[in-house]
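Some notes on the structure that comes next.
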Amino acid sequence: PKRCLPIQPCGSLSSFPLLFHPSTKGSQIVMDMSQRTVKRQASFCNAITFSNRSIAVYEQVRLKITKKQCCWSGALRLGFTSKDPSRINPDTLPKYACPDLVSQSGFWAKALPEELSNEGNVISFWVDKRGRVFYRINDSSPVLFFSGVHVAEPLWALIDVYGLTRGVQLLDSEMVPLDCMRPRSFAAAHRASIQRNSDDPRLSISLCDLSLQHSSSCHVPQNSQNSQQCSLLPSHLDTDLHFHSMHGIHVTVLDKHTMARLDHRGDERTLVFTSRPMRCSETVFVKVKAGVTRPGCLSYGVTSCDPATLRPSDLPSNPESLVDRKEFWAVCRVAVPLHSGDILGFVVNAEGEVIMSHNGVSAGMQLCVDNSRPLWMFYGLHGAITQLRILGSSLHPDLRGPSVPSSPSCTPNTPIMFCSGNSESNLNNPMNINLNSSTTPSSPFSSHPESPTFPSCSWSDECTICYENAVDTVLYACGHMCLCYACGLKLKKMANACCPICRRTIKDIIKTYRST
């Protein structure tokens with residue numbers, strides 16, 4: 001026979017410590033020896049847990065969030081059950097507490113708002129004698145969570161380590177202090193929060209954008225959204241990559257993995273950066289949130305400029321203007337309209353190719369960059385894009401997407417690339433370019449005398465088109481030297497002519513001469 005812990009009378013704290021139930025738990029739950037810490041080892045669900053003993057009325061169940069994984073939607077589900085977990089077969093536990101478990105008799109639970117589910121937060125929740133459940137975050141005021149719990153029978157704590165929440169630790173339980181007996185309602189708490197922020201005209205992000213209204217209830221689409229996301233992401237994602245503290249003045253930080261665009265009319269400075277340089281062949285996955293009325297647009301790129309050396313005033317509204325800076329910058333825009341929930345992947349491979357994927361489908365090479373130095377990724381939020389979240393990153397072997405071939409032709413949908421920088425020359429046979437005084441101020445050579453080198457390209461004296469004549473022509477505006485003058489003239493006359501190396505549109509060709 002199983003040893004059963006005594007049932008707690010109303011309003012008294014048990015002498016037995018509050019722990020997780022050792023055997024009745026979801027298939028993805030890993031528990032430590034002390035039964036105080038649990039962690040979801042994979043996926044976003046199958047992580048339902050229970051307390052090892054019943055909970056007294058007004059006894060606070062206190063949890064500390066130890067791990068957060070930002071690639072999912074939804075967060076911790078909390079509640080109670082009148083079913084003794086020792087009598088529940090773990091194999092019969094459903095994937096989700098909401099809505100699967102709460103649809104059964106004797107189970108009550110609800111989702112904690114995502115914004116409150118940050119690492120280090122301590123969540124306390126309890127039930128009063130009228131069957132109302134309250135919660136509080138750290139030392140904040142209590143908030144009414146939900147009601148309708150049957151307190152006439154013993155109750156066990158129900159904790160679903162779901163979505164964003166990856167790991168939790170049970171702290172010692174406490175009785176509710178007297179000053180928490182009459183907490184504010186959830187609606188009243190948010191009305192006060194809105195009133196406090198109403199004086200700042202920039203802070204006009206709606207409650208819908210912040211998911212304060214929607215994440216407080218349990219929605220089936222949230223589960224199906226995560227299931228769909230599973231097929232678009234690798235089985236393992238590292239979460240150490242997040243956004244840098246340096247960003248444009250018209251975005252705000254929701255958490256270290258999520259940036260939101262502020263409502264601003266006119267030029268918007270919405271550039272955001274990764275917290276560290278990208279590793280070779282590391283794919284970073286981002287998720288966009290856009291308005292429902294129209295799709296959004298996202299610009300992106302890489303730079304050798306450490307964001308820590310920048311000031312907010314250095315970040316322009318037009319990312320393309322960054323190419324005029326002395327550092328190396330490569331800028332591009334996503335060619336297709338983006339909708340809420342779209343997932344984009346970006347990787348810089350060993351050949352210096354920036355390859356993008358859209359909802360799991362490779363879009364091929366978008367940029368060719370100088371990866372001989374550390375490169376940070378950056379993004380610009382435009383149009384209807386309201387939020388951008390870094391889901392995580394994945395290191396894998398050098399997987400090359402369907403790269404655009406090095407041919408003189410260029411498809412109309414090829415995105416435009418903008419580059420700048422002072423990369424060291426890596427030519428096999430260096431060539432000096434003599435420019436006379438008639439060079440216009442807009443020439444790239446007047447401000448950027450050295451063009452970035454690309455490891456994927458093998459430079460030589462032979463024209464990359466005819467392989468007969470010597471290279472003697474510079475392409476404007478990218479500055480690459482890869483053609484003879486005759487082939488350059490033919491290429492310039494073609495529709496949508498672009499550089500065979502970087503795919504940038506050819507505006508003009510300039511013949512050069514060797515120095516003796």
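Per the UniProt record's numbering, the very first residue in the sequence shown carries number 1; after that it's consecutive. Glycine is no exception: its CB is placed at the ideal position from the N, C-alpha and C atoms. Keep in mind it's a predicted model, so treat the numbers as computed, not measured.
Taking all protein chains shown into account, P312 has fewer than 16 neighbouring C-beta atoms within 10 Å of its C-beta and is therefore exposed.
Distance from the Cα of R166 is smallest, within the candidate group K68, I159 and T309, for K68. Its Cα nearest to that of V133, the residue L144 stands out among D139, I123 and L144. By the beta-carbon neighbour count (other beta carbons within 10 angstroms, threshold 16), Q41 is exposed.
The segment 29–37 makes no contact with the segment 135–151, as fewer than three CB pairs between them are under 8 angstroms. The shortest CA-to-CA distance from T270 to any of A308, G248 and V284 is the one to G248. Non-local C-beta neighbours of E468 in its own chain, meaning closer than 7 angstroms and more than five positions away in sequence, are absent. Between the alpha carbons of T258 and V288 lies a distance of about 10 angstroms.
Residue range Y485 to K493 is occupied by the alpha helix (DSSP H) that includes G488. Counting only unbroken stretches of 4 or more residues, no alpha helix (DSSP H) element lies wholly within the UniProt domain "NHR" (240–393). Secondary structure note for I29: its beta strand (DSSP E) is the uninterrupted segment I29 to M31.
Looking from the CA of V347, the closest CA among L367, S340 and G341 belongs to L367.
When rounded, the separation of the alpha-carbon atoms in Q35 and Y96 is 22 angstroms. Secondary-structure assignment with DSSP links I123 through a beta bridge to L63 and I137. Between P307 and M365 the beta-carbon gap is near 25 angstroms, outside 8 angstroms, which marks them as no contact. When the five nearest sequence neighbours on each side are left out, the beta carbons in the same chain lying within less than 7 angstroms of the beta carbon of Y58 are those of G11, W126, D128, M175 and V176, in order along the chain.
Going by DSSP, V143 is part of the beta strand (DSSP E) stretching over V143 to F146. Per DSSP, reduced to three states, the secondary structure at T512 is coil, with no helix or strand assignment. Distance from the CA atom of I390 to the CA atom of N349, rounded to whole angstroms, is 19 angstroms.
Excluding residues up to 5 positions away in sequence, S304 lie with their Cβ nearer than 6 angstroms to the Cβ of R373 in the same chain. About 4 angstroms separates the CB atoms of I465 and C487; that is less than 8 angstroms, so the two are in contact.
The residue among C70, T81 and D100 with its C-alpha nearest the C-alpha of N118 is C70. A straight-line Cα-Cα distance of about 6 angstroms links T49 and D160. Of the residues assessed, E268 falls on the buried side of the cut-off, its CB having 16 or more other CB atoms within 10 angstroms. The beta carbons of L155 and V149 sit about 7 angstroms from each other, so the pair counts as a contact at 8 angstroms. C280 counts as exposed, since fewer than 16 other beta carbons sit within 10 angstroms of its beta carbon. For T505, no beta strand (DSSP E) encloses it, and the DSSP letter there is neither H nor E. E174 is bridged by DSSP to Q60. Between the alpha carbons of V168 and G345 lies a distance of about 29 angstroms. For the 9 angstroms CB-CB criterion, D472 and K511 form a contact. When secondary structure is reduced to three states using DSSP, A470 falls in the strand class. Residue pairing by DSSP places T24 opposite no residue, since no beta bridge is assigned to it.
Looking at the backbone, the Cα of G392 and that of T239 are separated by about 5 angstroms. At the C-beta level, L475 and C482 come within 9 angstroms of one another. Here the alpha carbons of V354 and F328 stand approximately 15 angstroms from one another.
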